[in-house]
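To start, the structure under review is shown below, and the notes come after it.
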Amino acid sequence: MHFKAMLHVIKGLFLAASLLLIMSCEPGNSAKQSTSEHDTQRSKTEKTKQLDPGQTGPNPALLQGNQDSFSLKARRLTSNGPWVVELFQGSERLARWSAISGYNTKPTADRRWSPGNGAALPIGDYLLGQPEPWGTDIWLNLQPQFKTERSGLGIHHCNPGSGCLCIPNRTDLEAIAAWVKATKINKLTVQN
């Protein structure tokens with residue numbers, strides 16, 4: 000008799016659990032609505048966020064005009080946060096790629112005179128080399144055009160970065176390399 004009573008209780012629990020599951024899946028459930036609103040908002044944001052015209056690399060339409068008008072700039076978005084590398088033709092931004100330079104735990108480290116301290120690239124102009132293979136990676140050499148103890152600097156794929164300018168997304172690095180090749184850009188300006 001005890002076994003039958005226990006079986007009856009278990010059947011009741013399964014029935015209750017099934018009803019709760021069905022009720023939680025009905026339209027109008029507040030958790031479902033908030034997820035739906037979140038998904039709708041995210042979808043709207045993704046649709047409005049458009050890529051810059053040169054984001055994936057050069058194309059014939061963007062390459063028309065004066066090749067000297069192309070410039071490459073890098074800047075930190077916050078004092079110890081992410082960086083961006085931006086490609087301009089004149090004053091028009093053609094592309095913007097995420098980057099990393101320095102350890103975010105060392106935002107005040109000496110950027111110019113202390114090699115190996117995990118500091119970001121120093122502010123200033125750099126001669127930019129053409130893309131070249133670096134093992135399975137791509138390397139673009141950076142030669143500072145100001146006095147510094149820093150050397151061996153470049154743009155390459157990595158994450159996290161230390162003293163170089165690291166591009167976490169390989170596709171972005173390939174796009175930067177394609178732009179440098181196509182336009183013969185030979186200078187990078189680190190703005191901040």
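Just so you know, we're using numbering that gives the first Met the number 0 here: the sequence shown kicks off at 0 and counts up by one.
C-beta atoms are modelled at their ideal positions from N, C-alpha and C, and glycine is treated no differently.
Check, Outcome
"Look up residue 137 in the DSSP assignment and say whether it is helix, strand or coil.", "strand"
"Measure the alpha-carbon distance for residue 99 versus residue 65 and round it to whole angstroms.", "30 Å"
"Work out the CA separation of residue 137 and residue 95 for me, nearest whole Å.", "18 Å"
"Could you work out which residue in 147, 148, 80, 141 is closest to residue 155 when comparing CA atoms only?", "141"
"Rounded to a whole number of angstroms, what is the C-alpha to C-alpha distance between residue 75 and residue 106?", "11 Å"
"In whole angstroms, give me the CA-to-CA distance for residue 58 and residue 67.", "17 Å"
"Taking the continuous alpha helix (DSSP H) assigned at residue 169, which residues delimit it?", "169-182"
"With 16 other CB atoms within 10 Å as the buried threshold, where does residue 169 fall?", "exposed"
"Nearest CA to the CA of residue 167: which residue from 77, 87, 129, 157?", "157"
"Could you compute how far the alpha carbon of residue 133 sits from the alpha carbon of residue 103?", "25 Å"
"Quick one: is residue 182 buried, meaning 16 or more other Cβ sit within 10 Å of its Cβ, or exposed?", "buried"
"Give the single residue among 88, 51, 55 whose Cα lies nearest to the Cα of residue 172.", "55"
"DSSP has residue 143 in a bridge; who is on the other side?", "125"
"Would you say residue 92 reaches chain B, if we count a Cβ-Cβ gap shorter than 9 Å as a contact?", "Given the protein chain composition of this structure (a single chain), no chain B is represented."
"Roughly how many angstroms lie between the CA atoms of residue 72 and residue 115, to the nearest whole one?", "23 Å"
"Which first and last residues belong to the beta strand (DSSP E) in which residue 62 is found?", "Unbroken run through residue 62 is the alpha helix (DSSP H), 59-62; no beta strand (DSSP E)."
"Just the C-alpha distance for residue 70 and residue 126, rounded to the nearest angstrom, thanks.", "12 Å"
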